[in-house]
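The structure under discussion appears below in the form of structure tokens.
Numbering (my numbering), first residue to last: 2 to 291.
See below:
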């Protein structure tokens, strides 16, 4: 189970509305602000009259600060951590409840984890159901960059989680982050793709690295007992959710009894066809059609 928790911090900013008139004299135009309304989100307003030539950046900033109340960011952060803590407590209670009911899971598959507390929930699930197949998609970045919320401490914690998994599904960027290598994208041949996947066996028994740039192809490489490199023609479109779709199809194929290489090929083909079937004019935020 993956718990998504989004924190929105509102920072009130003064909104400045200007009414301007133009005065012409001495054969040159001068602009004078004849009224300046500073409007706070709570509705307070103030009226001022000033000459634009005298409105320096410093004066402008002082005026805005005088009209805007301090941001409640501190209060919002306390609220966010309180709610986040409650979510983690509820998550742990759910695991205990499932276990007390005697429920068994054939597979536990983790995707995006929003922080170290959620990694801890995944670790607890692994401990409660040791016989389940454990699959970790270490979502941390893409296109050669870690996501802005990913810290070195989180990468270390994710590395420890992958060590408890039977199979990990990083993309090329995430594989580099786990291996403490430069995540900048680089073209790979089959030997280099296989070497990258093989390097991950120091972290987990099996790995499939996705999104490997291989010239006119996009590839994935597997390591462990079943070593392979699979290539599909690169389709020059970027759509969200393809990594999640790939993992879901691969995992379903594995549970049906297919070998890892066959499951990876099924997933790659499915995603490729889904991208091709998605209309070119569709809003990319809706992802692929399948």
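From the three backbone atoms N, C-alpha and C, an ideal C-beta is built for every residue, glycine too. Note that this is a predicted model, so its numbers are computed, not measured.
So what's residue i in DSSP terms, helix, strand or just coil?
{"i": "residue 277", "result": "helix"}
{"i": "residue 110", "result": "strand"}
{"i": "residue 168", "result": "strand"}
{"i": "residue 105", "result": "coil"}
{"i": "residue 291", "result": "coil"}
{"i": "residue 259", "result": "coil"}
{"i": "residue 162", "result": "helix"}
{"i": "residue 63", "result": "helix"}
{"i": "residue 76", "result": "helix"}
{"i": "residue 282", "result": "coil"}
{"i": "residue 177", "result": "helix"}
{"i": "residue 183", "result": "coil"}
{"i": "residue 242", "result": "coil"}
Less than 8 Å separating the beta-carbons of residue i and residue j?
{"i": "residue 105", "j": "residue 141", "result": "no"}
{"i": "residue 163", "j": "residue 179", "result": "yes"}
{"i": "residue 123", "j": "residue 107", "result": "no"}
{"i": "residue 173", "j": "residue 135", "result": "no"}
{"i": "residue 169", "j": "residue 197", "result": "no"}
{"i": "residue 186", "j": "residue 244", "result": "no"}
{"i": "residue 139", "j": "residue 171", "result": "yes"}
{"i": "residue 224", "j": "residue 199", "result": "yes"}
{"i": "residue 227", "j": "residue 260", "result": "yes"}
{"i": "residue 160", "j": "residue 117", "result": "no"}
{"i": "residue 194", "j": "residue 213", "result": "yes"}
{"i": "residue 229", "j": "residue 262", "result": "yes"}
Out of the options, which has the shortest C-alpha to C-alpha gap to residue i?
{"i": "residue 231", "options": "277, 267, 253, 122", "result": "267"}
{"i": "residue 99", "options": "121, 220, 130, 229", "result": "130"}
{"i": "residue 215", "options": "254, 242, 154, 233", "result": "233"}
{"i": "residue 270", "options": "282, 285, 254", "result": "254"}
{"i": "residue 221", "options": "241, 273, 181", "result": "273"}
{"i": "residue 265", "options": "257, 247, 128", "result": "247"}
{"i": "residue 114", "options": "94, 155, 101", "result": "155"}
{"i": "residue 275", "options": "160, 241, 261", "result": "241"}
{"i": "residue 110", "options": "177, 251, 143, 152", "result": "251"}
{"i": "residue 95", "options": "290, 126, 258", "result": "126"}
{"i": "residue 143", "options": "177, 257, 76", "result": "177"}
{"i": "residue 112", "options": "121, 119, 137", "result": "137"}
{"i": "residue 128", "options": "67, 150, 97", "result": "97"}
Does residue i pass the burial test, meaning 16 or more other C-beta atoms within 10 Å, or should it be called exposed?
{"i": "residue 278", "result": "exposed"}
{"i": "residue 287", "result": "exposed"}
{"i": "residue 91", "result": "exposed"}
{"i": "residue 148", "result": "exposed"}
{"i": "residue 183", "result": "exposed"}
{"i": "residue 283", "result": "exposed"}
{"i": "residue 208", "result": "buried"}
{"i": "residue 211", "result": "buried"}
{"i": "residue 1", "result": "Here the chain covers residues 2 to 291 and nothing more, so residue 1 does not appear."}
{"i": "residue 219", "result": "buried"}
{"i": "residue 257", "result": "exposed"}
{"i": "residue 119", "result": "buried"}
Next item on the list: Could you tell me which uninterrupted beta strand (DSSP E) segments, each at least 3 residues in length, are contained entirely in the region 115-155, listed from first to last along the chain?
Entry: 134-137
Margin query: For a minimum of 3 consecutive residues, which ranges assigned as the beta strand (DSSP E) are wholly contained in the region 189-239?
Written below: 207-215, 218-224, 229-234
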